[in-house]
Amino acid sequence: MFQEVSQIGFWHNGALGDFVLFSPILDAFHDVMPNASFVLWTRPAHGDLLCGKPYGVTVASVEDPFWRALFTDQAWRTAPLPQGLARCGLFFWVGQKSARIAVERLQVRLSRPVLWIQSFPDGSIRESVTRFLGKQLSALGFSVPEREPRFVADSGAVSHVQAWLQTFSLRFGGYAVVHMGSGGLGKVWPVARWKALFEETHGFFGTPTVLLSGPADEALAPFVAKCSASWGWPVYRSADLNQLAALLSGAVFFMGCDSGVSHVAAAMKVPSLVVFGPTDPAVWAPRGEHVTIYRDAWDSRTVLKDDADSAAGVDPALVRRIQELVANRNG
């Protein structure tokens with residue numbers, strides 16, 4: 006077992022969903038090392054989700070030239086260390102196997118423990134990313150409790166969202182949120198199936214609904230606009246994760262695909278219905294008893310085809326689950 010240190014460093018360059026599934030590791034370390042602070046090298050926007058945590062965390066960018074230098078045969082020896090790195094008594098590199106050379110070089114530069122953690126399992130392992138990370142830590146001698154991702158909304162962002170909702174006569178805490186996009190188009194449930202579901206449920210049985218549209222959803226923009234016009238649902242567009250988390254925190258339920266947004270919704274404890282197709286929910290599903298996973302299959306070439314032939318009918322079980330979510334909201 007390693008001795009307790011005052012500052013722990015982490016490197017994590019995964020996408021939003023990967024980051025959400027990694028975040029319980031910070032919470033777990035705080036449980037066993039409550040006096041330690043963290044320095045997290047990641048995508049800067051992800052740090053917005055850590056507001057309200059009971060520990061100190063400094064977020065720094067993975068774009069610092071030092072990190073690229075670690076993969077260069079000569080530059081790694083002399084590249085200036087990023088601010089705060091030398092003060093880390095312990096450092097974890099969370100990445101894939103290709104990063105092992107960088108980990109070895111970083112340990113030489115720091116002269117202290119630098120530990121590699123595989124960021125997600127190989128295809129042969131069907132295990133939640135969060136649990137997979139925790140097991141690796143246990144094997145390294147760190148007995149950390151298993152936690153689920155949990156975030157809280159920033160009060161300033163909530164005020165911003167409340168003001169936006171008022172322009173559409175919506176009440177914070179009185180709407181559903183739908184995000185039809187994903188960082189990978191192949192993971193998007195075909196728009197014809199979304200259309201058929203909305204029609205079958207008469208617009209979520211009259212539930213006030215907000216459509217989310219993010220930077221990665223440009224291909225879906227025409228369909229999102231069409232749904233907005235058909236059902237009178239406003240579209241919330243923002244790349245700000247504080248505002249996204251705030252909007253989701255006021256939702257009575259959420260529906261989406263395998264995407265980072267779905268993970269944030271689950272981490273905000275929002276009852277969630279998430280459609281999975283080509284990816285394995287055993288590994289990538291948002292975590293929590295409040296999350297329902299719906300499995301489906303589709304040809305990725307049909308994702309953007311807005312026609313009846315691509316709809317394949319609406320599963321009655323899916324309709325029943327939405328009825329339950331609506332009933333819970335009204336109850």
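Under the working numbering, the residue at position 205 of the sequence shown is numbered 210, and the numbers go up by one with no gaps. Virtual Cβ for every residue (Gly too), placed ideally from N, Cα, C. Keep in mind it's a predicted model, so treat the numbers as computed, not measured.
For A271 and P286, which I take to be in contact (beta-carbon distance under 8 Å), what is that distance rounded to the nearest angstrom? Wrong, their Cβ atoms sit about 12 Å apart, outside the cutoff.
Can you check which of these residues, L330, F228 and L75, is closest to P85 by C-alpha distance? L75
What's the C-alpha gap between S164 and P118? Using only the alpha carbons, I get a separation of about 43 Å.
DSSP-derived helix/strand/coil call for Q8: Coil, per DSSP.
Of all the options T284, S277 and G282, which has the alpha carbon lying nearest to the alpha carbon of E294? S277
State the start and end residues of the unbroken alpha helix (DSSP H) segment that holds L26. L21 to F27
Rounding to the nearest angstrom, what Cα-Cα distance links W303 and A91 in this structure? 49 Å
Quick check on this structure: which residue in E109, S218, S235 and K140 has the alpha carbon closest to the alpha carbon of P126? K140
Have a look at F259 and A168 and give me their C-alpha separation to the nearest angstrom. 20 Å
Output the residue ranges of the alpha helix (DSSP H) runs that lie fully inside the stretch 54–91 and measure 4 residues or longer, sorted by chain position. 70–74, all fully within the stretch 54–91.
Paired residues, beta bridge with S42 - DSSP: Q12
Measure the alpha-carbon distance for A158 versus R334 and round it to whole angstroms. 20 Å
Checking 8 Å against the spacing of the C-beta atoms, do P87 and F71 come in under that value? yes
For I30 and L95, which I take to be in contact (beta-carbon distance under 8 Å), what is that distance rounded to the nearest angstrom? Between I30 and L95 the beta-carbon gap is near 13 Å, outside 8 Å, which marks them as no contact.
Assuming G189 and L225 make a contact with CB atoms under 8 Å, what is their CB distance in whole Å? Not quite, the Cβ-Cβ distance comes to about 13 Å (not below 8 Å), so this is no contact.
In this structure, what does DSSP give as the bridge partners for F147? Bridge partners of F147: none, in fact.
What does the Cβ neighbour count give for I130, buried or exposed, with the cut at 16 atoms within 10 Å? exposed
Taking 8 Å as the cut-off, decide whether the C-beta atoms of V25 and G261 are in contact. no
For L246 and D23, I'd like the C-alpha separation in whole angstroms. 15 Å
T297 by DSSP, collapsed to three states: which one? strand
Between which two residues does the alpha helix (DSSP H) holding F258 run? F258 -> not in any alpha helix (DSSP H); beta strand (DSSP E) instead, spanning A256 to C262.
Other residues of its chain near S267: CB distance less than 8 Å, five sequence neighbours each side excluded: G22, H184, F259, G261, S277, V279 and P291
Any idea what DSSP makes of L225, helix, strand or coil? helix
Output the distance between the C-alpha atoms of D53 and A251, rounded to the nearest integer angstrom. 11 Å
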